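Asker: All the letters of the sequence shown, read from the start, carry residue numbers 100 to 1070 under the numbering used here. Let me begin by handing over the structure; questions about it come next.
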Amino acid sequence: MQTPADPQDRHEYPSHWEADVVLRDGGTARIRPITVDDADRLVSFYEQVSDESKYYRFFAPYPRLSAKDVHRFTHHDFVDRVGLAATIGGEFIATVRYDRIGADGTPASAPADEAEVAFLVQDAHQGRGVASALLEHIAAVARERGIRRFAAEVLPANSKMIKVFTDAGYTQQRSFEDGVVRLEFDLEPTDRSVAVQRAREQRAEARSVRRLLAPGSVAVIGAGRAPGGVGRSVLDNLRGAGFTGRLHAVNQAFPDDFKEIDGVPAHRSVRDIDGPVDLAVVAVPAEHVPEVVTECGEHGVQGLVVLAAGYAESGPDGRESQRALVRQARTYGMRIIGPNAFGIINTADDVRLNASLAPEMPRPGRIGLFAQSGAIGIALLSRLHRRGGGVTGTTGVSTFVSSGNRADVSGNDVLQYWYDDPETDVVLMYLESIGNPRKFTRLARRTGAAKPLVVVQGAGAPPGHAVRATRLPHATVSALLRQAGVIRVDTITELVDAGLLLARQPLPAGPRVAILGNSESLGLLTYDRCLAEGLRPARPLDLTTRATAGDFHRALSQALADESCDAVVVTAIPTIGEGAVGDPELAEALRSAAEEVPGKPVLVVHVELGGLAEALSAAGRTAPTAGAMAPGAGGGAHPPPLSASLERGDPHRPAERLPTPVQTAVQAAAQPPKPLAPQAPHPYSRLIPAYPAAERAVRALAEAVKYGQWRREAADPGKVPEYDDIDERGAAELIGGLLERGEGLTIGGEETCRLLGRYGIDVHRALPAPTPDAAVGAARDLGYPVALKATAPHLRHRADLGGVRLDLADEEQLRRAYDELSELYGAPEELRPVVQRMAPRGVDTVVRAVIDPAAGAVVSFGLAGAASQLLGDMAHRLVPVTDRDATSLVRSIRTAPLLFGWRGSAPVDTPALEELLLRVSRLVDDHPEVVAVTLEPVVVARQGVSVLGATVRLAPPPARDDLGPRTLPAY
């Protein structure tokens, strides 16, 4: 942080304006305010700007800055005059400043709300998106200081700068006068400006990850001369994978005359490498990492994979070391995976990168895999390795990232990359924590609309992860992820099961499932599991154990052709005896039948006594190995599955016992693996996944069905309705007046009714009744019949305790009820009784809204009482809620049938309930100062809803970095 030397000319230094940003090419830069201490930096920066750029900035030849210029450009008051600089390595690469002006164009102070803005970008850094990033940040600063409009004068020949302004998405006006283009634009974010900002964010962050996953050159720092050790293991893994770029080994302990390791050039320092280094794998102890980062930064390394442990996971001192590591790397524009990372993998033929501790390269495929935990990463790679070849065909991994402590590069960054990665069809993520849930939800919704995203989410963050505090229960966060299109599963087994199905089969059009096979009992078990998962299975078709491959082919073809079927589950058990169908024959029969009707998914549940899964894998191959015949030709050997390759290490060696994944990763590195030959592309996209248990197959299918339904609904997400009776301005004035009383407060009953009334939400008045006479007077004002309620905290919303008396038709009944409550529960001072007009009979529900600092605004709904309080039967939606969201929200709770005429009861007015949910959503969306709303009970009758109780809490709105300029997490 910069500290101005002369505080008399300016307000306090605004350190919250400092930010790290990702630029268009994937590099990073630091944006911060310019201070008086920057005079020498400014002069040095200006000297490196071309004469042409200087001419565009000042409209005249301007070879050097005068002392007066330097003083003007470094002395700011941070209100009316502000300057920001983009820096790399501590040196300026670009500047921007604004000066507040009045209506006549002369310098002014508030309340003037317009400012002139001007940029200057070093020629070497033009085209990197520096000016666009600076514009976002200077606009946010200006809005904070009460400036609502920018004006800029640009020479017509300066097309690059004109494009920066016109492409930003703000509402603007353009004029031409005296040979100068004048641009004026409002700084209020528009839908287009936000869309432009997020598109730039996606491209920049995706490229920053692409630079890590597809480097042209890699240096392994800490590689030893002798086999073994972390650094040497990674070096051997890179060699064994057949990395297509340049590879270097670096270790300061190498003798001066040591030149190579097994053909890899060896160096004592990164500085000694002749040529660029795109990626450095840092495998040295944590205490030596800062020195390595400095060398890498000065050499121009683009990114780091830090394997070293001993950072935030080790305690407070390690956490501070981790922060220093990130700050140091970003100073040089580098991004970091780690520390405490397992590594990264890219199986693309033109890259073949295995910069990880995994001793074998996974088979190439269409699955992107992310794991924060190294141990889970090992388990997932091992499982996909086996399942990819031995159980379900040849689906493999496109890219793999294990982020460790994810101090810098996180799951959000990798999602940005996978979103438009043509090599990835399905994304699998194991998340121990979500650092920015609001952003993750936004990215997941966008990614899920293009390709499936399957997530296992841990229940708590490990010590090494910086996460934002959330008040939402784990189950609520999971529900919100599902709303965003995330396929949420509970175990890594389910993660792989769902991922393999989604990678190989089309999405089902609905929940209707056909079941066929040669085992009646296995078919019935599958049928029961379908019912349990909410699917709609037809009765199983039993082909009997005498079924031939032809029988399976005909049955599957007929099922797929049936318009009442959306998916097919084939159950198969091995048969014995003359004429028994062989596994390769059956696999080919299923594959060929599935190819005839390619629009519906097919799954196989098998009892693995034979080799059906292996045969299903082989049935999809068209590039046989030596001595192998084409599938279905008979008599030929099929290529070995991936699991066999993993167990043998080499397909042509005798099998040997496979060590555990951890043993493999740690011990086998001393024997570097041979490169796997690239696999021929598969002409059939429909590899049939096979599962060893019915429940696993059906669970995967159920997730695919729900995801397919979400995709169809996401294509038409609905709209946020406009209501003519909403008084947004009046509500804002009321909220402002109430907040003047304090930072946070729960407002009173009358004020709550007034505020909700501004949004068309009518709350039944509850009049205090401290005495029987006061109760009678209240009932007279409201009109009989009335209800008498005790509102003491231990009795509130507890009708089961008898603190409520309903349908009191006259004064006599009211006085009798008042005496009963006083006799049972104590004096009126303890009961806090109120009188309320009776509402029509109906179903008691509860509606809540809360602003969570991590997840954002959330609306929740459930039935009042035990259903929500004891069983947790609540549904949740992110704000703003659309009309489709409201409809699904009401129907999402398990007790929803009570609203729709369960057991002959009269259905209630759910459209009125949905309108109430939409109005509450609008309230918290329009006014972030409303941090909590509770409506309880809300009685939903046959016609209309009645809000009988309401509380509202106000507070200054929490900061929303998702609406501000692009930034990386602060350290």
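Positions of the beta carbon are idealized from the N, C-alpha and C atoms, including for glycine. This structure is a prediction, so every number in the text was calculated from the model and none was measured.
Taking the CB atoms as reference points, tell me whether Leu-246 and Glu-213 lie closer together than 8 Å.
Answerer: Walking along the sequence shown from the start, residue 246 turns up at place 147. Walking along the sequence shown from the start, residue 213 turns up at place 114. Reading off the sequence shown, one finds Ile at residue 246, where the question assumed Leu. Cβ distance < 8 Å, so Ile-246 and Glu-213 count as in contact.
Asker: Is the stretch 853-863 touching the stretch 824-837 in the sense that three or more CB pairs, one from each, lie closer than 8 Å?
Answerer: The stretch 824-837 vs the stretch 853-863: in contact.
Asker: Do Val-1030 and Arg-1065 have their beta-carbon atoms positioned less than 8 Å apart in this structure?
Answerer: Counted from its first residue, the sequence shown places residue 1065 at position 966. Counted from its first residue, the sequence shown places residue 1030 at position 931. It is not a contact, given that the beta carbons lie outside the stated cut-off.
Asker: Please determine, among Pro-673, Ala-658 and Glu-687, the residue with the shortest C-alpha to C-alpha distance to Gly-698.
Answerer: One-based indexing of the sequence shown puts residue 698 at position 599. Ranking the options by Cα distance to Gly-698, first place goes to Ala-658.
Asker: Let me confirm a value: Pro-354 is counted as buried when at least 16 other C-beta atoms fall within 10 Å, else exposed. Which label applies?
Answerer: If you number the sequence shown from 1, residue 354 lands on position 255. Counting Cβ neighbours within 10 Å, Pro-354 comes out exposed, since fewer than 16 surround it.
Asker: Can you tell me which residues form a DSSP beta bridge with Ala-613?
Answerer: Counted from its first residue, the sequence shown places residue 613 at position 514. In DSSP, Ala-613 forms a bridge with Val-667.
Asker: Just the Cα atoms here: how many angstroms apart are Ala-543 and Ala-549?
Answerer: Counting from one through the sequence shown, the residue named residue 543 turns up at place 444. Counting from one through the sequence shown, the residue named residue 549 turns up at place 450. Roughly 10 Å between the two C-alpha positions.
Asker: Compute the beta-carbon to beta-carbon distance between Ala-648 and Glu-684, rounded to the nearest angstrom, for a pair I have assumed lies under 8 Å.
Answerer: As a position in the sequence shown, residue 648 is number 549, starting the count at 1. As a position in the sequence shown, residue 684 is number 585, starting the count at 1. Going by Cβ atoms, the distance from Ala-648 to Glu-684 rounds to 4 Å, so yes, they are a contact pair.
Asker: Could you give the first and the last residue of the continuous beta strand (DSSP E) run that contains Pro-463?
Answerer: Along the sequence shown, one-based indexing puts residue 463 at 364. Element bounds for Pro-463: 463-470.
Asker: Identify, in the order they occur along the chain, each residue of the same chain with its Cβ nearer than 7 Å to the Cβ of Ser-1152, setting aside the five sequence neighbours on each side.
Answerer: The chain is shown only over 100 to 1070; residue 1152 falls outside these bounds and no answer can be derived.
Asker: Determine, using beta carbons only, whether Tyr-269 and Ala-241 come nearer to each other than 8 Å.
Answerer: The sequence position of residue 269 within the sequence shown is 170, counting from 1. The sequence position of residue 241 within the sequence shown is 142, counting from 1. Contact flag unset, no.
Asker: Tell me the residue span of the alpha helix (DSSP H) that contains Pro-237.
Answerer: Reading the sequence shown from its first residue, position 138 is the one you call residue 237. Reading off the sequence shown, one finds Ile at residue 237, where the question assumed Pro. Its alpha helix (DSSP H) spans residues 229-243.
Asker: Which same chain residues end up closer than 6 Å to Thr-498 when comparing Cβ atoms and leaving out the 5 residues on each side of it in sequence?
Answerer: Start at 1 with the first residue of the sequence shown, and residue 498 comes out as number 399. If we look at Thr-498 and ignore the five residues flanking it on each side, its Cβ neighbours are Leu-312, Asn-445 and Gly-467.
Asker: Is Thr-923 buried or exposed, if buried means 16 or more other CB atoms sit within 10 Å of its CB?
Answerer: Counted from its first residue, the sequence shown places residue 923 at position 824. Residue 923 is actually Leu in this sequence, not Thr. Leu-923 is exposed by the Cβ-count criterion.
Asker: Output the boundary residues of the beta strand (DSSP E) element that contains Val-945.
Answerer: Looking up residue 945 in the sequence shown gives position 846. Looking at the DSSP string, the run of the beta strand (DSSP E) that includes Val-945 is 941-951.
Asker: At which residues does the alpha helix (DSSP H) containing Pro-415 begin and terminate?
Answerer: For the purposes of this step, residue 415 is taken as the residue at position 316 of the sequence shown. That run of the alpha helix (DSSP H) goes 415-430.
Asker: Determine the contact status of Gly-616 and Val-669, defining contact as a CB-CB distance below 8 Å.
Answerer: Within the sequence shown, residue 616 is the residue found at index 517, counting from 1. Within the sequence shown, residue 669 is the residue found at index 570, counting from 1. The answer is yes: Cβ separation under 8 Å.
Asker: So what's Ile-992 in DSSP terms, helix, strand or just coil?
Answerer: In the sequence shown, residue 992 corresponds to position 893, counting from 1. Ile-992 falls in the coil class under three-state DSSP.
Asker: Using the Cα positions of Leu-879 and Leu-930, report the straight-line distance between them to the nearest angstrom.
Answerer: Taking the sequence shown and counting its residues from 1, the one referred to as residue 879 is at position 780. Taking the sequence shown and counting its residues from 1, the one referred to as residue 930 is at position 831. This sequence places Arg at residue 879; Leu is not what is there. Straight-line Cα distance between these residues: approximately 21 Å.
Asker: Got a sec? Which residues, its chain only, sit under 8 Å from Ala-1074 by beta carbon, not counting five neighbours each side?
Answerer: Residue 1074 is absent from the structure shown; the chain starts at 100 and stops at 1070.
Asker: How should Ala-325 be labelled, buried or exposed, when 16 other C-beta atoms within 10 angstroms of its C-beta is the threshold for buried?
Answerer: Mapped onto the sequence shown, residue 325 falls at position 226. By the neighbour-count rule (16 or more Cβ atoms within 10 Å), Ala-325 is not buried but exposed.
Asker: Does the count of Cβ pairs from the stretch 277-284 and the stretch 305-320 closer than 8 Å reach three?
Answerer: In short, these stretches do not touch, since the Cβ pair count stays below three.
Asker: Write down the C-beta distance between Leu-164 and Val-142 rounded to the nearest angstrom, noting that I regard them as a contact closer than 8 Å.
Answerer: Numbered from 1 along the sequence shown, position 65 holds the residue referred to as residue 164. Numbered from 1 along the sequence shown, position 43 holds the residue referred to as residue 142. Right, the Cβ-Cβ distance comes to about 6 Å (below 8 Å), so this counts as a contact.
Asker: Does at least one heavy atom of the ligand ZN sit under 7 Å from the Cβ of Gly-327?
Answerer: The ligand ZN is not part of the structure shown, which contains no ligands of any sort.
Asker: When you compare each of Val-885, Ala-1054 and Arg-853 to Gly-951 by their alpha carbons, which one comes out closest?
Answerer: Looking up residue 951 in the sequence shown gives position 852. The sequence shown places Asp at residue 951, not Gly. Measuring from the Cα of Asp-951, the nearest candidate turns out to be Ala-1054.
Asker: Apart from the five residues just before and just after Glu-111, which ones in its own chain have a Cβ nearer than 6 Å to its Cβ?
Answerer: Numbered from 1 along the sequence shown, position 12 holds the residue referred to as residue 111. Result list for Glu-111: empty, nothing under 6 Å.
Asker: Going along the chain, which residues of its own chain have a beta-carbon closer than 8 Å to the beta-carbon of Ile-443, five neighbours each way excluded?
Answerer: Here the question's residue 443 lines up with position 344 in the sequence shown. Cβ within range, chain order: Leu-311, Leu-312, Val-404, Ile-436, Leu-452, Ala-454, Ser-455, Thr-498, Phe-499, Val-500 and Ser-501.
Asker: Go ahead and pull the three-state DSSP assignment for Pro-1036.
Answerer: Numbered from 1 along the sequence shown, position 937 holds the residue referred to as residue 1036. Note: Pro-1036 maps to strand in three-state DSSP.
Asker: Candidates Ala-457, Arg-462 and Pro-463: which alpha carbon is nearest Ile-475's?
Answerer: As a working mapping, residue 475 is identified with position 376 in the sequence shown. Comparing Cα-Cα distances from Ile-475 to each of Ala-457, Arg-462 and Pro-463, the minimum goes to Ala-457.
Asker: Taking C-alpha atoms, which residue in Tyr-883, Ala-666, Arg-976 and Asp-596 lies nearest to Tyr-790?
Answerer: Counting from 1 along the sequence shown, the entry for residue 790 is found at position 691. Checked all of Tyr-883, Ala-666, Arg-976 and Asp-596; the closest Cα to Tyr-790 is Asp-596.
Asker: Using only CA atoms, which one of Gly-598, Gly-341 and Ala-340 lies nearest to Leu-483?
Answerer: By one-based count along the sequence shown, residue 483 stands at place 384. Checking every option, the nearest Cα to that of Leu-483 belongs to Gly-598.
Asker: Keeping to the same chain, check which residues put their C-beta closer than 7 Å to that of Asp-285; ignore five residues upstream and five downstream.
Answerer: Locating residue 285 in the sequence shown gives position 186, counting from the first residue. Around Asp-285: Arg-247, Arg-248, Tyr-269 and Thr-270.
Asker: Quick check: the Cα distance between Ala-743 and Val-349, rounded to an integer number of angstroms?
Answerer: Numbered from its first residue, the sequence shown carries residue 743 at position 644. Numbered from its first residue, the sequence shown carries residue 349 at position 250. Its pLDDT being 30, under 50, Ala-743 is placed unreliably by the model, and the measurement read from it follows with that caveat. One C-alpha to the other measures close to 35 Å.
Asker: What separation, rounded to the nearest whole angstrom, lies between the Cα atoms of Pro-1006 and Thr-994?
Answerer: For this step, residue 1006 is matched to residue 907 along the sequence shown. For this step, residue 994 is matched to residue 895 along the sequence shown. If you take the alpha carbons of Pro-1006 and Thr-994, they lie about 13 Å apart.
Asker: Using the C-alpha atoms, what's the distance from Val-933 back to Glu-884?
Answerer: Taking the sequence shown and counting its residues from 1, the one referred to as residue 884 is at position 785. Taking the sequence shown and counting its residues from 1, the one referred to as residue 933 is at position 834. The question names Glu, but residue 884 is Pro in the sequence shown. One C-alpha to the other measures close to 14 Å.
Asker: Can you name the residues that DSSP bridges to Asn-453?
Answerer: What you label residue 453 is simply residue 354 of the sequence shown in a count that begins at 1. The partner list for Asn-453 (beta bridge, DSSP) reads Ile-444.
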